[in-house]
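Residue numbers (my numbering), protein chains in the order written: chain E, 7 to 105; chain Y, 7 to 105.
Ideal placement from N, C-alpha and C gives every residue a C-beta, glycine not left out.
Below is one structure; the comments refer to it alone.
Number of protein chains: 2
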Amino acid sequence: VIRHTVVFKLKHPLGSALERDFLNAAQNLATIPNMAKFECLRQVSAKNKFDFGLSMEFESQADYDSYNLHPLHAAFVEDRWKSEVADFLEIDYTPIGRV
Amino acid sequence: VIRHTVVFKLKHPLGSALERDFLNAAQNLATIPNMAKFECLRQVSAKNKFDFGLSMEFESQADYDSYNLHPLHAAFVEDRWKSEVADFLEIDYTPIGRV
Numbered sequence: 007v008i009r010h011t012v013v014f015k016l017k018h019p020l021g022s023a024l025e026r027d028f029l030n031a032a033q034n035l036a037t038i039p040n041m042a043k044f045e046c047l048r049q050v051s052a053k054n055k056f057d058f059g060l061s062m063e064f065e066s067q068a069d070y071d072s073y074n075l076h077p078l079h080a081a082f083v084e085d086r087w088k089s090e091v092a093d094f095l096e097i098d099y100t101p102i103g104r105v
Numbered sequence: 007v008i009r010h011t012v013v014f015k016l017k018h019p020l021g022s023a024l025e026r027d028f029l030n031a032a033q034n035l036a037t038i039p040n041m042a043k044f045e046c047l048r049q050v051s052a053k054n055k056f057d058f059g060l061s062m063e064f065e066s067q068a069d070y071d072s073y074n075l076h077p078l079h080a081a082f083v084e085d086r087w088k089s090e091v092a093d094f095l096e097i098d099y100t101p102i103g104r105v
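Listed below in structure tokens is the structure:
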């Protein structure tokens, strides 16, 4: 399992209609096939500069690649992410068993 | 629910015995009460500088506070984290429903 996450900050004012619209659009990514546990998250630690996060899981790198190439994802990145996100960081995880 | 995560990089060589020992010590944090879904994770994206992550969930801020103050956590931070971690970022999340 690969958990793909991105933590981000929008250019929009906190609590604005533009913010709500962006988060709704982001949530449509959950309809892309072969993805599990999609979550739209509020970032609540004062120890970083980000306000939101997205998290999702893929069973394989192939599923992750398909997501990246999916037209819905490509359009979201091109039409919304590039112009509305002020800063972001991608973090991907796989579980480690007892070492 | 509050999901507390920290993504980090160790001073130890990747794959070293020192690394394994640190990760084992980190996994003992899972014995602290009122915590759920503890995970020790490998960070696998090339888009950031970190190698590992920890993730856990608390039902309330009070449980999160208790974890922070717990002697096992305090000792781990003082005895291991401060001397063995090269860089880290704390990210905490709460779920957002359909906005």
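- Sorting Y:VAL7, Y:THR11, Y:GLU96 by C-alpha distance to the C-alpha of CYS46 of chain Y places Y:THR11 at the top.
- Around the beta-carbon of ALA32 of chain Y, 16 or more other beta-carbon atoms lie within 10 Å, marking it buried.
- A contact is defined here as three or more CB-CB pairs under 8 angstroms, and the region 88–97 of chain Y fails this definition with respect to the region 33–41 of chain Y.
- Proximity of GLU63 of chain Y to chain E, defined by a Cβ-Cβ separation below 9 angstroms, is not satisfied.
- It is roughly 31 angstroms from the alpha-carbon of GLN49 of chain Y to the alpha-carbon of GLY21 of chain E.
- Looking from the CA of TYR70 of chain Y, the closest CA among Y:ASN54, Y:ASP98, Y:ASN30, Y:PHE28 belongs to Y:ASP98.
- Identification of residues in the region 80–100 of chain Y having a C-beta nearer than 8 angstroms to some C-beta of chain E yields LEU95, GLU96, ILE97, ASP98, TYR99, THR100, given in sequence order.
- Using a 10 angstroms sphere on the CB of GLY103 of chain E, the tally of other CB atoms stays under 16, which defines it as exposed.
- Here the C-alpha atom of LYS55 of chain E lies approximately 19 angstroms from the C-alpha atom of SER61 of chain Y.
- In the DSSP assignment, PRO77 of chain Y falls within the alpha helix (DSSP H) that extends over 77–82.
- If you draw a straight line from the Cα of HIS76 of chain Y to the Cα of GLU96 of chain Y, it comes to about 18 angstroms.
- In this structure, DSSP gives ASP85 of chain E a helical state, which the three-state scheme calls helix.
- For the region 47–76 of chain E, the set of residues with a beta-carbon nearer than 8 angstroms to any beta-carbon of chain Y comprises LEU47, ARG48, GLN49, VAL50, SER51, LYS53, ASN54, PHE56, PHE58, GLY59, SER61, in chain order.
- Apart from the 5 residues on each side of it in sequence, THR100 of chain Y sits with its Cβ closer than 8 angstroms to the Cβ of VAL7, ILE8, ARG9 in its chain, given in chain order.
- Using a Cβ-Cβ cut-off of 7 angstroms, ILE102 of chain Y is close to LEU29, CYS46, LEU47, ARG48 of chain E, given in chain order.
- Collapsing the DSSP output to three states places LEU24 of chain Y in a helix.
- Counting every other CB atom within 10 Å of its CB across the protein chains shown gives VAL83 of chain E a total below 16, marking it as exposed.
- Around the C-beta of LEU24 of chain Y, fewer than 16 other C-beta atoms lie within 10 Å, and the residue is accordingly described as exposed.
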